[in-house]
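Beneath this line is the structure, given in C-alpha cells, with notes to follow.
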Amino acid sequence: MGYVFKAPRGTADILPEEQAYWRYIEEKAVSLCRWYGFSMISTPAFEDAGLFTRSVGEGTDIVNKEMYIFKDRSDNELALRPEGTASICRSYLEHGMDNLPQPVKLFYFADIFRYERPQAGRYRQHHQFGCEAIGEASPMLDAEVIHMALTFFKSLGLSNFSLQLNSIGCKKCRPAYLEQLREYYTPLKDQLCGDCRTRLEKNPLRLLDCKKPTCQVAADESPQSTEYLCEDCGQHWESLMEYLKSLSIEFVLNHRLVRGLDYYTKTVFEIQPFEGGSQSALGGGGRYDDLIGMLGGKPTPAIGFATGLERIVLNLKSQSIEVPNNNKPALFIACMGDQAKAAALKIAADLREAGVSVIVSAGERSLKAQLRHANAVGAASAAIIGDDEVKSGTVMLRNMETGEQQEVQPDELKKLSAT
RNA sequence: GUGAGUGUGGCCCAGAGGCCUAAGGCGCCAGGUUGUGGCCCUGGAUAUCGAGGGUUCGAAUCCCUCCACUCACCCCA
C-alpha cells in the first residue's frame with residue numbers, strides 16, 4: 002500500500018460489487034416518489050455558507066464543528082452542504098416555486114458533507130435520499146410523508162425499525178415549554194453533565210437527548226413538549242395521530258426526540274433500527290414551517306424527510322436482503338485469429354444494437370483462458386469464433402450452464418436476451 | 001474533540017528477537033497435448049512486514065515518535 006494517494010478520511014469508493022445495492026435503493030426511491038407525486042430536483046454540492054448557518058442554526062453541532070467551510074478564489078464563503086433541506090428551500094425561493102400549485106413536492110439524491118470522526122455508518126461524505134413537500138400546513142401531509150418513508154423501507158425489504166415520533170411545537174408555544182424545561186432542570190443542575198449545563202442556557206431542548214445516564218434520569222421525568230402545545234400545534238398533533246391511525250401506522254411517542262437542527266417545528270420523527278443504538282438512525286425528518294420565511298420568503302409551511310443510503314446498505318446487508326444483480330452479460334465472445342477477431346467485433350456490435358449484452362474477449366489468450374473468463378463474469382452463453390467459423394460464416398454457441406454447444410448463424414445470437 | 005483496538009502481497013491472515021532472502025488460503029496469470037469454462041492437479045507473479053528513529057552481533061517480532069484505518073462517545077443519515 003505504498004501508493005501516494007488514498008481516499009480522504011471519511012470518504013469511500015463505492016466499488017462495482019457494491020453498486021447493485023445502490024441501484025436497488027435508487028430505483029425503489031424513484032418509483033416510490035412517482036407514486037407519491039414528488040419530482041426530482043438536483044442542487045449544487047456547495048452553497049453560500051450563510052444559507053446553512055441561518056437555516057440549520059448557529060448553535061447546532063452541524064454548523065459549529067461539522068461544516069466544510071471554505072473560501073473560493075473570489076473570497077466567497079462557501080460550504081459543502083451538510084444537509085439537504087436548506088438547498089431545496091433556497092431553490093424553491095430562487096425559482097419562484099411559490100407560484101406553482103402548492104404544495105410543491107420535491108425529492109433529491111445528494112452527497113452530504115460533515116466533518117466528523119468516521120465510524121460504522123458515519124462518513125464525512127455520505128449520500129442521502131430526501132423529499133420535501135413545501136407550501137401546505139395540513140397534518141395530512143405529515144402523515145403522507147411519514148407513510149412514504151415507511152413504505153420506502155418496507156419496499157426495500159427492511160422491517161427491523163421503529164418510527165419515533167414527537168411534536169416540539171412552534172415559535173408561539175415553544176418558549177413556554179422551554180421555560181418549563183428550565184424550571185425543571187435548574188434545580189437538577191448539579192447532576193447534569195457539563196454539556197447539559199450549557200444546553201440549559203443555550204438550547205434546553207437538547208437536554209432531552211443527552212446520553213449520559215444521570216442526564217437521562219433527569220430527562221425521563223422532564224416536562225413533555227406535547228403537554229405544552231398551543232391550540233394550533235395541539236390540533237395538528239392530534240390530527241396527525243388520527244391520520245396515522247387510519248393508515249395503521251404504529252409509532253413510539255418519544256418525547257425526547259428533538260432533532261439536532263433548529264428549523265424544525267411541530268412534527269419531528271426518526272426511523273430507528275432496533276439494533277445499533279440511537280446514533281444509527283436510518284432516516285428522519287419533520288416539519289419546518291418557519292424555514293422558508295427565515296430565508297426571506299413569505300411564511301410557507303413545509304415538511305420533509307431524509308435517509309442515509311450508506312445506512313440502508315448496512316441494514317440490507319445485516320438483514321441478508323438479496324438485491325438483484327443485472328451485471329451479467331448474456332453472451333461472451335471468444336475468438337482466435339485476426340479474422341475471427343474482426344468478425345467478433347462486428348457480431349458484438351450488431352448484437353448490442355439488437356439489445357443483447359455482450360463481452361468480447363480481447364487480446365491473445367488461449368481459448369481455455371477465454372472461457373474461464375466467460376465463466377468468471379457469469380456469461381449465460383459463450384460464442385466461439387475461430388478459423389473454422391470464419392470460413393463457414395457461423396459461430397459455435399455454447400451454453401455455459403449445460404455445456405451444450407451447436408453451430409449457429411450469427412443472427413441466431415440475437416435471440417439471446419439480456420439477463 | 002475524547003477513549004480503545006489494529007496496521008504483513010489485490011483480499012483474509014500465520015508469524016510473538018536469529019530456522020523469515022516471510023507460511024497458508026482466496027483471487028490473478030499460465031499449463032495439464034493440437035480450439036473449450038466451472039471441479040481437480042502443477043507451476044508462476046505480486047510483500048520497501050504502515051512510516052521514521054532507537055535497542056541489539058541480529059527486529060515483522062522489543063522501545064519511542066508519527067501516520068493511517070477500525071470501533072466507541074458527542075451528534076446525526
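Going left to right, the first sequence walks through residues 2 to 420 as this note's numbering numbers them.
The C-beta atom is built at its ideal place from N, Cα and C for all residues, glycine as well.
Have a look at the options and flag the residue whose alpha-carbon is nearest the alpha-carbon of residue i.
{"i": "His182", "options": "Cys171, Arg207, Leu159", "result": "At residue 182 the sequence reads Leu, which differs from the His that was named. For Leu182, the nearest C-alpha among the options comes from Arg207."}
{"i": "Gly11", "options": "Leu332, Asp112, Thr266, Trp23", "result": "Asp112"}
{"i": "Val259", "options": "Ser249, Cys234, Glu251, Phe270", "result": "Phe270"}
{"i": "Glu413", "options": "Ile348, Ser40, Cys171", "result": "Ile348"}
{"i": "Leu417", "options": "Ser393, Gly394, Ala380", "result": "Ala380"}
{"i": "Ala177", "options": "Thr199, Cys231, Ala220, Leu201", "result": "Cys231"}
{"i": "Arg125", "options": "Gln103, Ala345, Glu84, Ile89", "result": "Glu84"}
{"i": "Leu262", "options": "Cys234, Leu292, Leu372, Ser321", "result": "Leu292"}
{"i": "Ala138", "options": "Gln236, Pro119, Lys212, Asn167", "result": "Gln236"}
Between which two residues does the alpha helix (DSSP H) containing residue i stretch?
{"i": "Ser75", "result": "Note, Ser75: premise wrong, no alpha helix (DSSP H); not H, not E."}
{"i": "Leu201", "result": "195-203"}
{"i": "Gly51", "result": "50-57"}
{"i": "Ile293", "result": "292-295"}
{"i": "Gln371", "result": "368-377"}
{"i": "Val1", "result": "No statement about residue 1 is possible, as the shown extent of the chain runs from 2 to 420 and does not include it."}
Just curious, the beta strand (DSSP E) that residue i is in, first and last residue?
{"i": "Ile135", "result": "126-135"}
{"i": "Arg476", "result": "Limits of the chain in this structure are 2 at one end and 420 at the other, which puts residue 476 out of reach."}
{"i": "Glu271", "result": "266-274"}
{"i": "Ser382", "result": "382-386"}
{"i": "Val324", "result": "Premise fails: Val324 is in no beta strand (DSSP E) and is neither H nor E."}
{"i": "Gln406", "result": "406-409"}
Taking only the alpha-carbon atoms, compute the straight-line gap between residue i and residue j and give it to the nearest angstrom.
{"i": "Pro185", "j": "Glu228", "result": "Correcting the residue identity first, residue 185 is Tyr in this sequence and not Pro. Looking at the two C-alpha atoms, the distance is approximately 14 angstroms."}
{"i": "Lys155", "j": "Gly309", "result": "15 angstroms"}
{"i": "Ser160", "j": "Leu52", "result": "36 angstroms"}
{"i": "Thr403", "j": "Glu390", "result": "22 angstroms"}
{"i": "Leu254", "j": "Asn328", "result": "44 angstroms"}
{"i": "Leu33", "j": "Ala150", "result": "10 angstroms"}
{"i": "Leu241", "j": "Met141", "result": "7 angstroms"}
{"i": "Leu179", "j": "His128", "result": "34 angstroms"}
{"i": "Asn400", "j": "Phe6", "result": "43 angstroms"}
{"i": "Thr158", "j": "Ile313", "result": "The sequence given here places Gly at residue 158; Thr does not occur at that position. Approximately 11 angstroms, taken between the alpha carbons."}
{"i": "Gly277", "j": "Tyr69", "result": "27 angstroms"}
{"i": "Ala370", "j": "Ala377", "result": "10 angstroms"}
{"i": "Val396", "j": "Asn326", "result": "28 angstroms"}
{"i": "Arg198", "j": "Arg175", "result": "20 angstroms"}
{"i": "Glu408", "j": "Ser362", "result": "19 angstroms"}
{"i": "Ala419", "j": "Phe39", "result": "The predicted model places Ala419 with a pLDDT of 46, which falls under 50 and marks its position as unreliable; any figure quoted below should be read in that light. If I take the Cα positions, the gap works out to 31 angstroms."}
{"i": "Ala264", "j": "Thr301", "result": "Per the sequence shown, the amino acid found at residue 264 is Tyr instead of Ala. Each residue's Cα considered, the two are about 13 angstroms apart."}
{"i": "Ala13", "j": "Leu283", "result": "19 angstroms"}
{"i": "Trp36", "j": "Glu145", "result": "11 angstroms"}
{"i": "Met337", "j": "Ala8", "result": "40 angstroms"}
{"i": "Pro45", "j": "Asp290", "result": "23 angstroms"}
{"i": "Ser43", "j": "Phe306", "result": "16 angstroms"}
{"i": "Val359", "j": "Ala343", "result": "15 angstroms"}
Does DSSP classify residue i as helix, strand or coil?
{"i": "Lys347", "result": "helix"}
{"i": "Met337", "result": "coil"}
{"i": "Lys109", "result": "According to the sequence as given, residue 109 is Tyr; it is not Lys. Tyr109: strand per DSSP, three-state reduction."}
{"i": "Gly122", "result": "coil"}
{"i": "Ile89", "result": "helix"}
{"i": "Ile304", "result": "strand"}
{"i": "Met401", "result": "coil"}
{"i": "Glu354", "result": "helix"}
{"i": "Val253", "result": "strand"}
{"i": "Glu84", "result": "coil"}
Residue ranges of each alpha helix (DSSP H) within the segment 196-251, 4 or longer: 214-221, 232-247
Which ranges does the alpha helix (DSSP H) cover as unbroken runs of at least 4 residues, wholly within the segment 143-197, from first to last along the chain? 175-186
Runs of alpha helix (DSSP H) lying entirely within the segment 6-46, each at least 4 residues, in chain order: 17-37
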